[in-house]
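**Q** Per numbering that gives the first Met the number 0, the sequence shown starts with residue 0, numbered consecutively. Note that the Cβ used here is the ideal one computed from N, Cα and C, for glycine as well.
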Amino acid sequence: MKILMISTEYPPMQGGVGRYSKKLVDSLKSEGVQVSVACNEDGNGEFKGISPDNDDNSKVLLKIVKEIQPDVVHVQYEHGLYGIYLDPINPGKTHTNIESFYHECNVPVVTTFHSAYTFSQWMRLVVPLNHSKFGRVGTFLRMAYDYWTHLVNYGSFNSLNRRKIGPNKAGVVFSKYLANIIPGSSLIYHGAEPSISPPLDRKEARKMFLLPEDTNIALAVGFMTATKGWDVIGKMKVPKGWKVVINTSRNHYNRERLKGKFENPGVINLNRGFLSDSDLSLLFYCADALILPYKVASGSGTMFDGLAHGLPFISSKIEFFKEFSDMGLGISVDRNPVEFSKALLKLKVDYKRYKDSVMNFRKNLLWKEVANKHILLYNSIINRPTSPLIRKIIT
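Below you can see the structure in the form of structure tokens.
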């Protein structure tokens, strides 16, 4: 089987979509699948040339498909990575720079959807970008424009997702929440496994990060954007016996400028930046739980990584996280500092029950299992009479 994996973001570029794509590609190759990658100039794929700023992404991809004749094309679909335009007047004109690729590609296409939102979360995506060259007035006008364009484009944004399900087109989502928003998609959990196995002793791991050995640690890690909601951490009264450890970084395309200093005696900011897979795994081994006060989430690689390392979580009560807290894997609460502090105490009291649920669930995240589920999906949409090989012979 020959697969073309498409992901604008791909290592060594820093970002969750790229990291996920690389892990999936490696796992598919381990199962005997031939995989080629099309990505941005800064990634290490076999084919390059796609970018959020390239209006000709579709032409680039169609040319690659024609050249290698894959059995299936698999797109890691995060709208902004391909260039998204929200029309403030005519939502029907809202598009990304790979929509015509979907229309013209004659090879079966699988799409992994990294973003889909309820209306309330969609509107929360509007955040102020600091340091506008026109000052406060410019920031206000920009936010007003963004609110309006988001308001009128909620339906068109969802339509971009739903149009990618159909004959010879299949979708992959990481949760039932997303499956409900994108009907007809298939639930395959985000793969996650520790990069270091067997686990390193917790005391030894903490020494490597100069962290205290005699306290419980709740970990917040990832790219620091406004939608992560880490302002809650700065305002928390961290309970006695707990420390919140944070490590922030930026992804390849992030332009937000956010306050990175947390003046809170209960918070330890590592300031290590983007971590390698092995260092990230070590940091997870330091922790007792994850803390995820997100304002918006369609999925969370951090949550899945934490579960893979045996860590229950505390999160804001939004649809994606609530699905997993309802499984007993963590606690979801209202997004305010008091509720998060209370949740840490609650977690400590009943820690074994949450831990046992996580340990039982994490087998669903093994990359071998994730890869095999993808292979089953690929086989299910390959239309044998019009496969690339047959078309080539006919033409």
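(1) Can you tell me whether Asp54 is buried or exposed? The criterion is at least 16 other CB atoms within 10 Å of its CB, across all chains shown.
(2) With burial defined as no fewer than 16 other Cβ atoms inside 10 Å of the residue's Cβ, what is the status of Tyr284: buried or exposed?
(3) Using the C-alpha atoms, what's the distance from Phe312 back to Ala115?
(4) Could you check the C-alpha separation between Glu255 and Ser196 for me, to the nearest Å?
(5) How is the beta strand (DSSP E) around Gln33 delimited, first residue to last?
(6) Classify Ser57 as buried or exposed, calling it buried when 16 or more other Cβ atoms lie within 10 Å of its own Cβ.
(7) Who are Val172's beta bridge partners in DSSP?
(8) State the DSSP-derived secondary structure class of Trp241, mapped to helix, strand or coil.
(9) Give me the Cα-Cα distance between Lys239 and Val126, rounded to the nearest whole angstrom.
(10) What's the C-alpha gap between Leu186 and Lys367?
(11) Where does Lys1 sit, in a helix, a strand or coil, going by DSSP?
(12) DSSP three-state call for His94: helix, strand or coil?
(13) Under DSSP, the alpha helix (DSSP H) around Tyr19 begins and ends at which residues?
(14) Nearest-angstrom Cα distance between Lys28 and Phe173?
(15) Mind listing, in chain order, the continuous alpha helix (DSSP H) runs of no fewer than 4 residues lying wholly within the stretch 139 to 164?
(16) Just to confirm the assignment: which complete beta strand (DSSP E) runs, minimum length 3, are found wholly within the stretch 352 to 377?
(17) From Val357, Pro292, Leu209, Trp241, pick the residue whose C-alpha is nearest to that of Lys345; which is it?
(18) Quickly, what does DSSP pair Phe112 with across the bridge? List them, please.
(19) Assign Asp25 to buried or exposed, taking buried as 16 or more other Cβ atoms, counted over all protein chains shown, within 10 Å of its Cβ.
(20) Starting from Leu344, follow the alpha helix (DSSP H) in both directions and report where the run begins and ends.
(21) Thinking just about the alpha-carbon of each residue, which of Val136, Gly183, Ser35 is nearest to the one in Ser20?
(22) For the stretch 371 to 380 and the stretch 196 to 206, state whether three or more C-beta atom pairs, one from each stretch, are separated by less than 8 Å.
(23) Taking only three categories from DSSP, how would you classify Gly305?
(24) If the criterion is Cβ atoms closer than 9 Å, does the pair Ile2 and His113 meet it?
(25) Rank Pro11, Phe208, Tyr350, Pro51 by C-alpha distance to the C-alpha of Tyr81 and give the top, closest one.
(26) Candidates Ser315, Lys341, Phe319, Asn363: which alpha carbon is nearest Ser331's?
(27) Thinking C-beta only, is Leu376 closer than 9 Å to Val237?
(28) Is there a Cβ of chain C sitting closer than 9 Å to that of Trp121, yes or no?
(29) Could you pull out every residue in the same chain whose Cβ sits closer than 8 Å to the Cβ of Leu365, ignoring the five residues on either side in sequence?
(30) Excluding the 5 residues preceding and the 5 following Gly91 in the sequence, name in chain order all residues of the same chain whose CB lies nearer than 8 Å to its CB.
(31) Can you tell me the Cα-Cα spacing of His94 and Pro264, whole angstroms?
(32) Is it the case that the stretch 289 to 302 contacts the stretch 212 to 228, given that we only count it when at least three CB pairs across the two stretches are under 8 Å?
(33) Whose C-beta lies closer than 6 Å to the C-beta of Thr110 among residues of the same chain, with five residues either side of it excluded?
(34) Roughly how many angstroms separate the alpha carbons of His78 and Asn160, rounded to a whole number?
(35) Taking Ile49 as the reference, which of Cys104, Tyr9, Asn371 has the closest Cα?
(36) Mapping the DSSP letters down to three states, classify Val136 as helix, strand or coil.
**A** In short:
(1) Exposed: under 16 other Cβ atoms inside 10 Å.
(2) buried
(3) 22 Å
(4) Caution applies to Glu255, whose pLDDT of 48 falls short of 50 and renders its modelled position unreliable; the model cannot decide the point.
(5) 33 to 38
(6) buried
(7) Looking at the DSSP assignment, Val172 forms a beta bridge with Leu186.
(8) strand
(9) Going by the C-alpha atoms only, they are around 33 Å apart.
(10) 16 Å
(11) strand
(12) strand
(13) 15 to 29
(14) Distance between the alpha carbons of Lys28 and Phe173 is about 21 Å.
(15) none
(16) none
(17) Closest in alpha carbon position to Lys345, among Val357, Pro292, Leu209, Trp241, is Trp241.
(18) Tyr76
(19) exposed
(20) Boundaries of the alpha helix (DSSP H) around Leu344: 336 to 348.
(21) It is Ser35 whose Cα lies nearest to the Cα of Ser20.
(22) no
(23) Of the three classes helix, strand and coil, the one that applies to Gly305 here is helix, per DSSP.
(24) no
(25) Looking at the Cα atoms, Pro51 is the closest of the given residues.
(26) Ser315
(27) no
(28) In the displayed structure, chain C is absent; only one protein chain is listed.
(29) Counting only residues of its own chain and dropping the five nearest sequence neighbours on each side, Leu365 has a CB closer than 8 Å to the CB of Gly190, Glu192.
(30) Ser155
(31) His94 and Pro264: Cα-Cα distance of roughly 46 Å.
(32) yes
(33) Val74, Tyr76, Lys163, Gly170
(34) 9 Å
(35) Tyr9
(36) helix
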